[in-house]
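J.:
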Amino acid sequence: MTTEGLFLQGVSVGGPGAGAADRARRPATLIERSSFFRRPGVRSFGLDAAAILLAVLDVWLVIPAEAQPYSMVLSGIACLALVARRWFPFAVLLATIPGFLVGWSQLAAMIALGMLATRMQMHWQVWVGAALIWTCRFVQWPPEDFLAQSWQEHVFHGIYGVIVAGMPVAIAFLIGARTELSARLRELADSRDREKKLHAQAVRAEERARLAREMHDMVSHDITLIAMQAGALTMANSTEDAQRTAKTIRELSTHTLEELRALVGMLRSGAENDEEAQPGITELKQLVRNADVPVQLTVESVPDGLPTQVSNAAYRTVQECLTNVHKHAPGATAVVRVLGERDGLRIEVLNDRARKQVCGLPSGGNGLAGLAERARLLGGTFETAPTDDGGFRVQAHYPVSTT
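Residue numbers (the numbering used here): 106 to 508.
Below, the structure is given as structure tokens:
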């Protein structure tokens, strides 16, 4: 097999796993090391610990020396109750009310109300909790001190109570609105993705239908005429060699026409799993028998349950290589080896130098390039190189998952 527009010196297509070992040896970056702190459980624990610490500091920094023991106990209970705020938000809020009313656990009550409002949003428990916190901020303990205050102080504490009770609720509503907005944006993005996929499917179906029409109108007609002419030649008074050649032409034309009709049918149907209808590795022996090239075929250790795409790729690789041998190295002998390995399927096609004059058949130069692209899409490798004796070697490796 000579080059003639098809030779790709040293073509090597690496799979997606290329460089995985280098990445494994690379030291972890600061972001990768800090990924531990991005886990939901770790983040929740950190937020709870910070909330409890702030509530404790809010009590400890303002508590007077002459404070009553019961007020200190109730304030401590309010701070410790924040541990269960994620599971029992309303009960935790109720547990912080006595410490806020007779003690100094204002921040603990606000944190509990914020969690309740974040979870429940417009539920009646939120408004009951906000009213209780407003009452705790408005009413001063002991009662005689509250009754001794002037009306200006009552108004001041009432306004301040609205701020204390309203701020956690407002922040919780903002969080809820942000969550709802994020959900709507995700739904919009999913809807756009679905629309793009549907549009792409429609365009692909239209293009497949157009290709099917063109293949049927242009190629199928010519192949049918070739088969008919070959059939007429076999009936004519000609030599035995000519009749044998005409019979071979007719058989190949008929086989090509069947494959073309199957391909046109797949294009028109738009089937996603059209690989199932294509020839695979089990048809290699038939391919070798029909090839007008002396071939030595070896198939060893092919894994069970070979993926359809890999089986199709193996067949097409051998088919393209034998076609190139016939076109560009007439008279040469080809050796085809298909070997199953632990991590994939390896294919090697080797031919010696041409024994006859090259007839110069037309070539688009896309055969080996197409095989290299197929190998890249499957995550494999594809290499070509001339041999020292004037021949040509093609090696392909397609990975097969063992899981």
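Yeah, the Cβ is synthetic: ideal placement off N, Cα and C, and Gly gets one too.
Are the CB atoms of Met215 and Arg190 nearer to each other than 8 Å?
T.: no
J.: With a Cβ-Cβ cutoff of 8 Å, do Ala419 and Ile386 count as a contact?
T.: yes
J.: Enumerated in chain order, which unbroken segments of the beta strand (DSSP E) with a length of 3 residues or greater are wholly contained in the segment 347-419?
T.: 400-405
J.: Helix, strand or coil: which one does DSSP assign to Pro194?
T.: helix
J.: Spatial neighbours of Gly119 within its chain, please: C-beta separation below 6 Å, excluding the five flanking residues on both sides.
T.: Confidence at Gly119 is low in this model, with a pLDDT of 46, below 50, so the placement of that residue should be treated as unreliable; the coordinate-derived value is given next. Contacts found: none.
J.: Under 8 Å: do the segment 395-412 and the segment 444-454 share three or more Cβ pairs, one atom per stretch?
T.: Yes, the segment 395-412 touches the segment 444-454.
J.: Please confirm if the segment 268-284 is in contact with the segment 234-244, defined as three or more CB-CB distances below 8 Å between the two stretches.
T.: yes
J.: Give the straight-line distance between the Cα atoms of Val423 and Leu389, rounded to the nearest whole angstrom.
T.: Looking at the two C-alpha atoms, the distance is approximately 8 Å.
J.: Need the endpoints of the alpha helix (DSSP H) that Val188 sits in, please.
T.: Where Val188 is concerned, there is no enclosing alpha helix (DSSP H), given that its DSSP letter is neither H nor E.
J.: Would you identify the three-state DSSP class for Ile452, choosing helix, strand or coil?
T.: strand
J.: Looking at Leu218 and Ile202, is the spacing between their C-beta atoms short of 8 Å?
T.: no
J.: Would you mind sorting Val188 into buried or exposed? The rule is 16 or more other CB atoms within 10 Å of its CB.
T.: exposed
J.: Look at the Cβ atom of Leu161, then the Cβ atom of Trp209, and state whether they are nearer than 8 Å.
T.: It should be pointed out that residue 161 corresponds to Val in this sequence rather than to Leu. By the CB criterion at 8 Å, Val161 and Trp209 fall outside the cutoff.
J.: What are the uninterrupted segments assigned as alpha helix (DSSP H) that are 4 or more residues long and contained completely in the segment 195-233, given in chain order?
T.: 211-225
J.: Please name the residue or residues paired with Met488 in a DSSP beta bridge.
T.: Per the sequence shown, the amino acid found at residue 488 is Glu instead of Met. Its beta-bridge partners are Gln500.
J.: For Ile452 and Arg299, what's the separation of their Cα atoms in angstroms?
T.: 39 Å
J.: Using 10 angstroms around the beta-carbon of Phe195, count the other beta-carbons present and answer buried if the total reaches 16, otherwise exposed.
T.: buried
J.: Measure how close the beta-carbons of Ala186 and Val178 come, nearest whole angstrom, since I'm counting them as under 8 Å.
T.: The pair is not a contact, with the Cβ atoms about 12 Å apart (cut-off 8 Å).
J.: I need the boundaries of the beta strand (DSSP E) containing Leu444, first residue and last residue.
T.: Ala439 to Gly445
J.: Take the Cβ of Leu290 as the centre, count every other Cβ of all protein chains shown within 10 Å, and call the residue buried at 16 or more, exposed below.
T.: Under this definition Leu290 is an exposed residue.
J.: What is the DSSP secondary structure of Ile168, reduced to helix, strand or coil?
T.: Reduced to three states, the DSSP call for Ile168 is coil.
J.: Grab me the residues of Pro273's own chain with a C-beta within less than 7 Å of its C-beta, minus the 5 sequence neighbours each way, in chain order.
T.: Met215, Leu218, Gly219 and Ala222
J.: Assuming Arg458 contacts Asp494 under a Cβ cut-off of 8 Å, what Cβ separation, rounded to an integer in Å, is found between them?
T.: 6 Å
J.: To the nearest angstrom, report how far apart Ile264 and Ser149 are at their CA atoms.
T.: 33 Å
J.: Buried or exposed: where does Val499 fall if 16 or more other Cβ atoms within 10 Å of its Cβ makes it buried?
T.: buried
J.: I'd like to know whether the C-beta atoms of His502 and Thr486 end up nearer to each other than 8 Å.
T.: yes
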